[in-house]
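In order, the protein sequence lines correspond to chains A and B. All the letters of the first sequence, read from the start, carry residue numbers 18 to 315 under our numbering. All the letters of the second sequence, read from the start, carry residue numbers 23 to 259 under our numbering. For every residue, glycine included, the Cβ atom is placed at its ideal position computed from N, Cα and C. Taking it in order: structure first as structure tokens, then the write-up.
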Amino acid sequence: MQKVFETILIGLSTGSIYALMSLAIVLVWRSTRVVNFAQAGQAMASTYIGFEIASRSEIFWLGLVFAIVAGALLGAGVDYFFMRVLFKHANSGPAAVVAPVIATLGLLGLIRSIVGLTWGGEFKSIQTPASTNGFTIGESTIPFSPLNVLIIVTTSIILIALAILFQKTNLGLALRASAYAPEIAQLAGIRTARTRTIGWAIAGGVGGVAGMLVTANNFLSPYSLDLLLVFGFIAAVIGGLESMVGAVVGAFVLGIGLTFILNYVGTSLVFIGGFTVLILVLIIKPDGIMSRGKARRA
Amino acid sequence: MSGLAVNNLSVSHGAISALRNVTFSVEPGQLAAVIGSNGAGKTTLLRTLSGLKDASSGNAEWQGREMLGKKPDVLVRRGISHVSEGKSVIPELTVKENLVLGGIWRSNRTDTNAAIAEVVELFPRLGERMGQSADTLSGGERQMLAIGRALVSRPKLLLLDEPSLGLAPLVIEQIFETIDKLRHRLGLTVVLVEQNAMSALEIADTGVIINLGEVVASGKASDLINDPALRAAYLGY
């Protein structure tokens, strides 16, 4: 029984990091209809900046703030200097569908190379903001640590802040309206292009948090966030790609599910498990687990 | 203050010409019905006037200022509001959010709230459904919400694209009555695009008949209704 409990706790911690990444992917998808593979690179580059600040100042949280800012600037920059130009030139036919996705893959490689040239390819570890030693209950020590608590708390704060932003503010309404119905949003007087860039910035900032939290428990390298992108993407698909709530729920389902596989079956099956869940969701409920049985868009 | 003046407006979709040398004007506070069959270019006309589409030549002035070449967000701030075709509400948002959207370009939320209160007075049914998702509304209610959203921006020029589309005859009648009532009450200048020629001309001051992208007739609405040649050729009754 205790093992089940531990597994759920660790799953929540893993799931919260997936949740941030899948939110970033969904935010961009909703506003731009692009699956942004470069998100892993943007988050990784932001994490390097956060890492640099955290290791110089020896304050993890200062690093986190810088990672958020760097992620936001990078996200806005990718949309403004890259996507806008791309959409202007590839705006019809098959190119319009394929070009942006391929472009994000190219961008991922580009960011990786730049980071590799700047910081080198070796593994780096960041100062953790809390102990990674598990809590002790009675006689036994469980794998769930203060760092895991911190990860869950930090993610919760971010999720609540995003929920308030999206549900209670004019900016949030503008972001949602522009994503659901760009033309109506435009006719309502919203500057949709600018709003989209803000959406990319938010996604970038959230990705930066995900990168910092993963790295706190792990190592940082130009490739270290690739797996996070894969699982964040699977979580987003489980949630239906359209819904932010779905992205978060999908991430927790995936995080807890994979931790059960890890603890009860074995490490080697985690990756297979992730993809099995993805395929099952796509076959059984292709609109995601949050769908109410009808497609929202044609 | 002058109203809307469209002068020699031409618009094309790529190589295909959609509107050719369209000229008409609407006096302030008047309602002009733009009539024509499917594909005549009516929707293109409104999309060009609201800044969604670029014109290839000609000009269009509202209150003496050029409208063409401006984006919708600029034109909304000048008091031009476009209700696009097909019950243009956002079904994923609540009724309240759809209305707030109409005033989102303002920095002042109090103004928007006051405008929403006025719209709810005009459409009490929306007031009862504020917290519901717009998805749950009937076709007629959606159209009211779409018009209500436009009114929240307190427009002076309202561009309405086929408000009767897809609605039951009884509801269509209500919608036209509502349009007639509110434009007198609010002193709006209205361009009403319709296939439903008779109903539209009945509440209109002037009419413009468009066929294949060109104006074939224009004048007082009552004259157009009574012209036997036009009736047979374009009005279809």
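Measuring CB to CB, does V254(A) end up less than 9 Å from I34(A)? no
If you measure from the beta carbon of L115(B) to each beta carbon in chain A, is any gap under 9 Å? yes
Which residues in chain A sit within 8 Å of S72(B), going by Cβ to Cβ distance? Neighbours of S72(B) on chain A, chain order: L204.
Quick one, which of A222(B), R176(B), L181(B) and N135(B) has its alpha-carbon nearest E195(B)'s? A222(B)
Backbone CA spacing between A89(A) and G229(B) [nearest angstrom]: 52 Å
For a cutoff of 9 Å on Cβ pairs, would you count P94(B) as touching chain A? Closer than 9 Å to some Cβ of chain A, the Cβ of P94(B) qualifies, so yes.
Quick check for students: name the residue ranges of the alpha helix (DSSP H) that lie wholly in the region 216-277 of chain A, counting only runs of 4 or more. 243-255
Assigned exposure category for T149(A) - 16 Cβ within 10 Å defines buried: exposed
Quick one: is S78(B) buried, meaning 16 or more other Cβ sit within 10 Å of its Cβ, or exposed? exposed
Could you work out which residue in G101(B), G86(B), S32(B) and W84(B) is closest to L208(B) when comparing CA atoms only? Checking every option, the nearest Cα to that of L208(B) belongs to G101(B).
What number of angstroms, rounded off, separates the C-alpha of A87(A) from the C-alpha of P177(B)? 41 Å
Take F161(A) as the anchor and find which of P239(A), K20(A) and I181(A) has the nearest alpha-carbon. Answer by Cα proximity: K20(A).
Measure the alpha-carbon distance for L246(B) versus S110(B) and round it to whole angstroms. 29 Å
Work out the CA separation of I175(A) and V298(A) for me, nearest whole Å. Here the alpha carbon of V298(A) sits roughly 27 Å from the alpha carbon of I175(A).
Could you list which residues in chain A have their beta carbon closer than 7 Å to that of I112(B), in chain order? A194, Y197, A198 and I201
As a quick exercise: from G267(A), V114(A) and I70(A), pick the residue whose alpha carbon is nearest that of V51(A). Selected option, being the one with the closest Cα: V114(A).
Helix, strand or coil for L179(B)? Go by DSSP, reduced to three states. strand
Can you name the residues of chain A whose CB is closer than 9 Å to the CB of H104(B)? L204
Any idea what DSSP makes of T158(A), helix, strand or coil? strand
In the DSSP assignment, find the unbroken alpha helix (DSSP H) run with F198(B) in it and report its ends. Going by DSSP, F198(B) is part of the alpha helix (DSSP H) stretching over P191 to L208.
Using a 10 Å radius around the Cβ and a threshold of 16 neighbouring Cβ atoms, would you call F269(A) buried or exposed? buried
Strictly under 9 Å for the Cβ-Cβ distance: is V212(B) near chain A by that measure? no
Does V98(B) get closer than 9 Å to chain A when you measure Cβ to Cβ? With respect to chain A, the C-beta atom of V98(B) has a partner C-beta closer than 9 Å.
Going along chain A, which residues have a C-beta under 8 Å from V171(B)? The sequence given here has Arg at residue 171(B), not Val. Ordered by position in chain A, the residues that pass the 8 Å Cβ test against R171(B) are A205.
Pick helix, strand or coil for N29(B), following the three-state DSSP scheme. strand
With C-beta atoms as the reference, is V28(B) less than 9 Å away from G86(B)? no
Sequence-distant residues of the same chain with beta carbon closer than 7 Å to R69(B), five excluded per side: K75
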